[in-house]
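Peer 1: In the working numbering, the protein residues as written are 1017 to 1237. Pasting in a structure now, in structure tokens, and then I'll have a few things to ask.
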């Protein structure tokens, strides 16, 4: 089983891949998909965020197909919204994550130190996953010690990849890229110098620890 925990694209679904599609509240309302979903307010798209948060709450109360909240988070570079606004919206989604016992899939651009501070302050029970992680090993070690999970895709820092793997906190994704999850697994296993099957088993165990309860509920409906 391959896990693609964060995707904005359709690669052609197969039983060998469990893919979590990332949507906004408005995209979910327009969608008729039965696929596994994460849903949240992206820090680039916070227009009418009060309405979007209300939509998010309604969706979470009415469906069991949601496996995570996100992507959400902070971005110092590309977001047109102030860091204060981004943080306020993010804090609202942290509360929802805790209330609904759902993991957070995090977008973070030049804000990992902010996320570290917030996690230490909030002490969440739900898992937090930084998606598309490319940071260096020193920062990676800090994140892992604090309790973050890290998701890797087409591009990664080999030293950080190794640290996440050794700490059983490595996840995999495609995001918006053109590289399939199967190819990503091959590239990661090659970098780690382990068998592909060993990587599959490690990611599957980690992912099921995070998403397993909600996944079982979704499959039973």
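A virtual CB, placed ideally from N, CA and C, is assigned to each residue, including glycine.
If you scan the segment 1055-1109 from start to end, which runs of the alpha helix (DSSP H) of 4 or more residues do you find wholly inside it?
Peer 2: Taking 4 residues as the shortest admissible run, the segment 1055-1109 contains the following complete alpha helix (DSSP H) segments, listed from N- to C-terminal end: 1065-1078.
Peer 1: Cβ of residue 1131 less than 8 angstroms from any chain C Cβ?
Peer 2: This model lacks chain C altogether, as it is built from one protein chain only.
Peer 1: Starting from the Cα of residue 1176, find the closest Cα among 1105, 1153 and 1102 and give me that residue.
Peer 2: 1153
Peer 1: Buried or exposed: residue 1020, going by 16 or more other Cβ atoms within 10 Å of its Cβ?
Peer 2: buried
Peer 1: Quick check on residue 1223: buried or exposed, where buried means 16 or more other Cβ atoms within 10 Å of its Cβ?
Peer 2: With 16 or more Cβ atoms within 10 Å of its Cβ, residue 1223 is classed as buried.
Peer 1: Would a C-beta distance cut-off of 8 angstroms place residue 1087 and residue 1133 closer than the cut-off?
Peer 2: no
Peer 1: Once DSSP output is grouped into helix, strand and coil, what is the label at residue 1195?
Peer 2: coil
Peer 1: When you compare the segment 1031-1044 with the segment 1202-1219, are there three or more beta-carbon pairs, one atom per stretch, that lie closer than 8 angstroms?
Peer 2: Contact fails: fewer than three Cβ-Cβ distances are below 8 angstroms.
Peer 1: How far does the beta strand (DSSP E) with residue 1035 in it extend, from its first residue to its last?
Peer 2: 1033-1039
Peer 1: Please report the distance separating the alpha-carbon of residue 1156 from that of residue 1166.
Peer 2: 9 angstroms
Peer 1: Which residues does DSSP pair with residue 1142 in a beta bridge?
Peer 2: Per DSSP, residue 1142 has no beta-bridge partner at all.
Peer 1: Which residues in the same chain have their Cβ closer than 7 angstroms to the Cβ of residue 1095, if we skip the five residues on either side of it in sequence?
Peer 2: Answer for residue 1095: 1059, 1060 and 1102, listed in chain order.
Peer 1: If I measure Cβ to Cβ from residue 1130 and keep anything under 6 angstroms in the same chain, skipping five residues before and after, which residues do I get?
Peer 2: Excluding sequence neighbours, residue 1130 sits near 1090.
Peer 1: Measure from the alpha carbon of residue 1127 to the alpha carbon of each residue in 1099, 1113, 1053 and 1074, then state which is nearest.
Peer 2: 1099
Peer 1: Residue 1123 bridges to which residues according to DSSP?
Peer 2: 1089
Peer 1: Classify residue 1211 as helix, strand or coil using the three-state DSSP reduction.
Peer 2: In the displayed model, residue 1211 falls within coil according to three-state DSSP, outside both helix and strand.
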